[in-house]
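Our numbering applies: residue 57 is where the sequence shown begins, and numbers increase by one. Think of the CB as a built atom: it goes at the ideal place given N, C-alpha and C, for glycine as much as any other residue.
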Amino acid sequence: MEQGASAARTVILTVDDDRGVSRAVARDLRRRYGELYRIVRAESGESALAALRELKLRGAPVAVIVADYRMPEMDGIQFLEQALDIHPGARRVLLTAYADTDAAIDAINVVDLDHYLLKPWEPPEEKLYPVLDDLLLAWRASDHRPVTVTKVVGHRWSARSSAVREFLARNQVPYRWYSSEDPEGRRLLSAAGQEGLRLPLVIAPDGTALVEPGDQELAARVGLATTPATDFYDLVVIGGGPAGLGAAVYGASEGLRTVLVERSATGGQAGQSSRIENYLGFPDGVSGAQLTDRARRQALKFGAELLTAREVTGLEVNGASRVVRFSDGSAVAAHSVILATGVSYRQLDAAHASELTGCGVFYGSALTEAAACQDQDVYIVGGANSAGQAAVYLARSAKSVTVLVRGPSLSAAMSHYLVQQVDETPAISVRTNTVVDAAHGSGHLEQITVRETATGRTERVDAHWMFVFIGAAPLTDWLEGTVLRDSRGFLLTGPDLTADGRPPAGWELDRPPYHLETNVPGVFVAGDARAESAKRVASAVGEGAMAVMLVHRYLEQS
């Protein structure tokens, strides 16, 4: 990779596996734009992606990416699709031969291609520079503020340090991690006047030092929206998983003043998935983070507001308005509400597990910890899809992955394709009819006691990493007394409310509740929190869209 002298200037990146062509492109770009822009040249998709990630971490803006179509291992369209996730604001240009113009035209829809250029582009004054001039003008007119990197100083076995890293990663906030035991980490602690007794230390983009910050303070400091722009909306969506993001996209795109409220990070459990392979339209799979980031950007594009680190504690009916109350006492009102609160992993009922949460015991994928699992023995508790996805992902670098399943097999709760992948991965072993009785360790996980349910035999094994996926509990306790729930806490809607042929108590409308409507008119449910929902990403997104359609019907009749 070749690059200019200044790391501060806006970047134009070019990638071509043909060294001669690569140099020619870079030469022509420097001749025209070298004084104002930094020209970065790469000769493979992987090296170009590495350069883009480095530029992202440094906060260097990338204005234009020029990629050759025919490259080995990763063609230009595949490269641009991944580059889009790293620098979504960059303008994208594909270099192609005349025979590949059909592929270039298809790329307009696949990667939102801005332009394609036929090779050769001589003379550049006629065929290259006018195109780049227009793209740079459009880029300068858009919001392309450089990303300033947040710094996190923490300890490997600090539960809050792990939680902060996970919060930042899931909210797509770039950050750099420094161990409190490394020289640079110690220098940062000293500069902030800290001795490292309280971790993590977070240094916000404006230089503010935060010691053990809560999620809301952290969100506000790193630029995430936490306060609603107004006090009344057409639609409030509570929960930012696939159902909530789907509702926000469709609500905002159809003209509803929409705000989405999320207590932690958008994406929900799906956002923590290392690979989703059965979601429509992604034959090669897509990570939960990628899918979440695209959905979030799509919702913002249509004008939805996204509030992060805001916990909802109450729902009230005030005439025609529905009032959503937050934990800090503030509130926001709307004509309608969609409850997409999702579910959380159930806590492991094992001695000392709660004390070691975040210190070797993790709920969900905790992908920020995956790098530390390299060449380690890892245990996964659970037998559904999330457990299988995590096992396959961690097995790429871990020494071994052992999946502990309470039931007699994986096939009862795990999709067939995942069962096959688990069976075909040598590093993964499965122990059925097995549960965890206890976790052991001083300050961090060191061992676990497992028990065979059929024989009662127990065994104590060394374990520094355990990821738990043992079923889900709905996050609906705050709705007690307002919205009807089933015996497990899942929300009842539509036909489930009128099973005996009568409307629910207190229902005053001359129509029965709509399919996704609760016993409170204008309050709908989408996704995993709904009783008897399918618990799949595609169905959650679909319910989010369907709920918006029913919101429109409700508003038209109100």
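So residue i and residue j are supposed to be a Cβ contact under 8 Å. How far apart are they, rounded?
i, j, result
"Ser485", "Ser456", "7 Å"
"Arg402", "Ile526", "5 Å"
"Ala308", "Gly359", "5 Å"
"Asn67", "Arg86", "In the sequence on display, residue 67 carries Val and not Asn. The Cβ separation is near 13 Å, so there is no contact."
"Val539", "Asn575", "6 Å"
"Thr397", "Gly295", "4 Å"
"Pro298", "Val399", "With a Cβ gap of about 12 Å, Pro298 and Val399 do not count as contacting."
"Glu367", "Leu316", "With 8 Å as the limit, Glu367 and Leu316 do not qualify as a contact, their Cβ atoms being about 14 Å apart."
"Ala80", "Val120", "With a Cβ gap of about 17 Å, Ala80 and Val120 do not count as contacting."
"Leu105", "Ala139", "7 Å"
"Gly414", "Ala215", "3 Å"
"Leu69", "Ala107", "7 Å"
Given a cut-off of 9 Å, decide if residue j and residue i are closer than it, judged by their beta-carbon atoms.
i, j, result
"Leu611", "Asp287", "no"
"Glu588", "Phe546", "yes"
"Val492", "Phe418", "no"
"Ala283", "Glu318", "Strictly speaking, residue 283 in this sequence is Thr, with Ala absent from that position. No, the Cβ-Cβ distance between Thr283 and Glu318 is not below 9 Å."
"Val118", "Arg97", "no"
"Asp556", "Asp542", "no"
"Pro180", "Arg88", "yes"
"Leu208", "Arg226", "The sequence shown places Val at residue 208, not Leu. No, the Cβ-Cβ distance between Val208 and Arg226 is not below 9 Å."
"Val604", "Tyr335", "no"
"Val393", "Arg381", "no"
"Tyr449", "Glu333", "no"
"Ala355", "Ala304", "yes"
"Ala123", "Arg83", "no"
"Leu280", "Val229", "yes"
"Asn489", "Glu515", "no"
"Asp170", "Ala153", "no"
On the criterion of 16 or more Cβ atoms from any shown chain inside 10 Å, does residue i qualify as buried, or is it exposed?
i, result
"Glu573", "buried"
"Val517", "exposed"
"Gly562", "exposed"
"Arg586", "buried"
"Gln430", "exposed"
"Val325", "Before going on, a small fix: residue 325 reads as Gln here, not Val. Under this definition Gln325 is a buried residue."
"Lys357", "exposed"
"Thr549", "buried"
"Asp533", "exposed"
"Gln476", "exposed"
"Thr314", "buried"
"Leu174", "exposed"
"Ser329", "buried"
"Gly300", "buried"
"Gln445", "buried"
"Leu136", "buried"
"Pro256", "buried"
"Arg452", "exposed"
Hey, would you say the C-beta of residue i is under 8 Å away from at least one heavy atom of the ligand FAD?
i, result
"Ala406", "The ligand FAD is absent from the structure shown, which contains no ligand whatsoever."
For a test of the three-state rule: what should DSSP assign to residue i, helix, strand or coil?
i, result
"Met522", "strand"
"Glu480", "helix"
"Tyr570", "coil"
"Arg232", "strand"
"Val203", "Because Val203 sits at a pLDDT of 46, beneath the cut-off of 50, its placement in the model cannot be relied upon, and the following sentence gives the value as read from the coordinates. Three-state result, Val203: coil."
"Glu361", "strand"
"Val461", "coil"
"Asp493", "strand"
"Glu181", "helix"
"Thr282", "coil"
"Thr66", "coil"
"Tyr610", "helix"
"Thr554", "helix"
"Arg619", "Outside the shown range of the chain (57 to 614) lies residue 619, about which nothing can therefore be said."
"Thr348", "helix"
"Tyr125", "coil"
"Ser218", "helix"
"Gly370", "strand"
"Ser576", "Residue 576 is actually Val in this sequence, not Ser. Looking at Val576 - three-state DSSP - the assignment turns out to be coil, as it is neither helix nor strand."
"His472", "helix"
"Arg592", "coil"
"Leu173", "strand"
"Arg487", "strand"
"Gly600", "helix"
"Arg196", "helix"
"Gly265", "Reading off the sequence, residue 265 comes out as Ala, not Gly. DSSP places Ala265 in strand when its eight states are reduced to three."
Handout entry: Complete beta strand (DSSP E) runs within the region 286-342 (minimum length 3 residues, chain order)
Key = Taking only runs of at least 3 residues, the beta strand (DSSP E) segments lying wholly in the region 286-342 are 288-294 and 314-318.
Practice task
Please list the segments of the beta strand (DSSP E) lying wholly inside the region 380-456, counting only runs of 3 or more residues, in order along the chain.
Solution key: List check, beta strand (DSSP E) in window: 387-395, 399-401, 417-419 and 433-437.
Practice task
Could you tell me which uninterrupted beta strand (DSSP E) segments, each at least 3 residues in length, are contained entirely in the region 496-551, listed from first to last along the chain?
Solution key: Within the region 496-551, the runs of beta strand (DSSP E) at least 3 residues long that lie entirely inside it are, in chain order, 503-508, 514-518, 521-524 and 528-530.
Exercise for the section: Jot down the residue ranges of each uninterrupted beta strand (DSSP E) in the region 72-109, minimum 3 residues, whole runs only, in chain order. Expected result: Runs found: 94-98.
Problem - Uninterrupted alpha helix (DSSP H) stretches inside the region 237-262 (no shorter than 4 residues) - result: Within the region 237-262, the complete alpha helix (DSSP H) runs of at least 4 residues are 239-247.
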